[in-house]
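Novice: Let me begin by handing over the structure; questions about it come next.
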Amino acid sequence: MKNRLKVLRAERDWTQGDLAERLDISRQSINAIETGRYDPSLPLAFKIADLFGLAIEEIFFRDQP
241 MKNRLKVLRA ERDWTQGDLA ERLDISRQSI NAIETGRYDP SLPLAFKIAD LFGLAIEEIF
301 FRDQP
């Protein structure tokens with residue numbers, strides 16, 4: 241699943257570690273989500289959306305063939 245997480249994080253001048261701390265997950269998890277190697281659980285996706293004040297659909301996108 242594609243996402244805008246890296247862009248949103250950069251707009252706030254947050255490191256991966258900063259975001260990980262705010263979400264109470266590891267920095268490695270943030271890296272894996274940003275690079276598309278890991279899709280967050282629905283509860284984590286909601287937590288990310290709430291943190292940025294956006295809808296999940298504004299952050300995460302389906303891969304289109």
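Residue 241 is where the sequence shown starts when you use my numbering, and the numbers rise one by one after that. The beta carbon of each residue, even a glycine, is placed where N, CA and C say it ideally should be.
1) Could you give the C-beta distance for L241 and D303, rounded to a whole number, given that I count them as a contact under 8 Å?
2) Alpha carbons only, please: which of I288, E298, L294, E297 is nearest the one belonging to D258?
3) Excluding sequence positions up to five away, which residues of its chain have a Cβ less than 6 Å from the Cβ of I270?
4) Could you tell me how far apart the beta carbons of I273 and N243 are, in whole angstroms, since I believe they sit closer than 8 Å?
Specialist: Reading it off the structure:
1) The residue labelled residue 241 in the question sits at position 1 within the sequence shown. The residue labelled residue 303 in the question sits at position 63 within the sequence shown. The sequence given here places Met at residue 241; Leu does not occur at that position. The C-beta distance from M241 to D303 rounds to 6 Å, short enough to fall under 8 Å.
2) Against the sequence shown, residue 258 aligns to sequence position 18. Out of I288, E298, L294, E297, I288 has the C-alpha closest to the C-alpha of D258.
3) Here the question's residue 270 lines up with position 30 in the sequence shown. Here the set comprises Q256, L259, A260.
4) Indexing the sequence shown from 1 puts residue 273 at position 33. Indexing the sequence shown from 1 puts residue 243 at position 3. The beta-carbon distance between I273 and N243, rounded to whole angstroms, is 7 Å. This is short enough to meet the 8 Å contact definition.
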